[in-house]
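Peer 1:
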Amino acid sequence: MLTERQSQILKHIVDEFVSTAEPVSSKMLIDKYDIKRSSATIRNEMAELEKLGLIEKTHTSSGRVPSVNGYSYYVEFLMEKMDTSSYQVALKTLVDNSYVSAEEAIKSASDVISQMTNLTSIVLGPNADEQRLMHIKLFLIDDRSAVAVFVTDSGHTENKVFQFSDTVSLNDISATTEILNDRLTGTPVTMISEKLEALRPILEEAVVRHEIIFNAFLHAFAQFSNEKMYSSGEEHMYNQPDFMNLSRIRELMSMLSNRQIWQEISEGEADVFLETSEKSQLAWIDDIAVVSTNLRISDSQSAKMMLIGPSRMDYEKVVALLEVLNDSLETLYIEGQIEGGEDE
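Quick note: the sequence shown uses our numbering, first residue 412, plus one each step.
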């Protein structure tokens, strides 16, 4: 553990660098933070922090900047709790809307938090293996195409347009819809492909162009059942002074579209991984920081939200926002379900 003076200096260095993106010198610390020690003493303490790997030199300045380990130490031991009352009001108003699904509320919150932090937001999920299919609607567009509407128990609704290899009739679509709803309602999403195979004989008896419709629907369902990724605020990457190198921006843009990368990072595949609390985690890879939280929608269903940006981010604000969102959703969708169950 650091001494009290070292902790104070490290906190000031992190706070200042997050605010200005400029390396921090001993003179600046004394002038701005009124530290009652000589410049030589402050330089010695900064040299010790550098030996410990918590701060580092830059190529263009005599000042120092936090290292990944420095940020990690700051978050774990030095970060202060913010007054989140204004965030609580804003996010509760955003998610507490009976006219939108939990997934839509999370997407809206993702957009807002991205704007509030100037960071990129990514939402993974809800996981397909945590969802149950509640209703299917099939609408014929013309005799060679249709749209399938899938509704899950989380309130998620998704439309998939698909093409038929040959013409089909409205009667065939109506018969297929009735059979699918009768046999698949309440089925976990991950088991539907298996149950569909068992429905082939039934479809053969009731539907004239059964094979054509079956294959088209199976393809549409496969697209729906894959885990979803939603991103917001990608443009913030371009505005970060930390990412002014064009080739680095291109790398980041490519990474943002890769769901597997962010899933692995959020699960601990990183240079440094830290559980900040029961509800949020931090990971660092090179010059990128990822703050994530699991958002519970129901007792069996959750999504993961991540805020992504430079290591030089406002951790106090980001962690506070995600934890307030987590609490708001849990109050609305988890505690509300429990209370509703008790009233029945």
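In this text, a Cβ means the ideal position worked out from N, Cα and C, and glycines have one as well.
1) Below 8 Å CB to CB, which residues in the same chain sit around PHE428 once its five sequence neighbours on both sides are set aside?
2) By Cβ distance, which residues of its chain are closer than 6 Å to ILE672, with the 5 residues on each side in sequence left out?
3) Since ALA559 is in the beta strand (DSSP E), which residue starts that stretch and which ends it?
4) Would GLU753 be called buried (16 or more neighbouring beta carbons within 10 Å of its own) or exposed?
5) Let me know the secondary structure DSSP gives SER713 once reduced to three states.
6) Could you check which residue in ILE453, SER556, GLY679 has the C-alpha nearest to that of SER691?
7) Can you find at least 3 beta carbon pairs, one from the segment 555-575 and one from the segment 614-630, that sit closer than 8 Å?
8) When the Cβ atoms of the segment 589-604 are set against those of the segment 542-549, are three or more pairs found closer than 8 Å?
9) Does the count of Cβ pairs from the segment 604-620 and the segment 485-504 closer than 8 Å reach three?
10) Whole angstroms are fine: how far does the CA of GLU662 sit from the CA of ASN656?
11) Would you give the residue range spanned by the alpha helix (DSSP H) that ARG620 belongs to?
12) Using the Cβ count rule (16 or more neighbours within 10 Å means buried), how would you classify LEU581?
13) Let me confirm a value: SER703 is counted as buried when at least 16 other C-beta atoms fall within 10 Å, else exposed. Which label applies?
14) Compare the Cα-Cα distances from ASP653 to each of GLU727, VAL523, THR469 and report the closest residue.
15) Which value, in whole angstroms, describes the spacing of the CA atoms of ILE676 and PRO721?
Peer 2: To lay it out plainly:
1) Cβ neighbours of PHE428 beyond the five flanking positions: PRO434, VAL435, VAL476, PRO477, ARG723.
2) Excluding positions up to five away in sequence, the list reads MET666.
3) Where ALA559 is concerned, the enclosing beta strand (DSSP E) stretches over 556-563.
4) With a pLDDT of only 42 at GLU753, under the threshold of 50, the placement of this residue in the model should not be trusted, and no figure is reported.
5) DSSP places SER713 in strand when its eight states are reduced to three.
6) The shortest Cα separation from SER691 among ILE453, SER556, GLY679 belongs to GLY679.
7) Contact between the segment 555-575 and the segment 614-630 is established, with three or more Cβ pairs separated by less than 8 Å.
8) Counting C-beta pairs closer than 8 Å gives three or more between the segment 589-604 and the segment 542-549, which meets the contact rule.
9) The segment 604-620 is not in contact with the segment 485-504.
10) One C-alpha to the other measures close to 10 Å.
11) ARG620 -> no alpha helix (DSSP H), and no H or E assigned at all.
12) Exposed, since its Cβ has fewer than 16 Cβ neighbours within 10 Å.
13) With 16 or more Cβ atoms within 10 Å of its Cβ, SER703 is classed as buried.
14) Distance check between ASP653 and each of GLU727, VAL523, THR469 places THR469 closest, using alpha-carbon atoms only.
15) Per the coordinates, the alpha-carbon of ILE676 lies some 15 Å from the alpha-carbon of PRO721.
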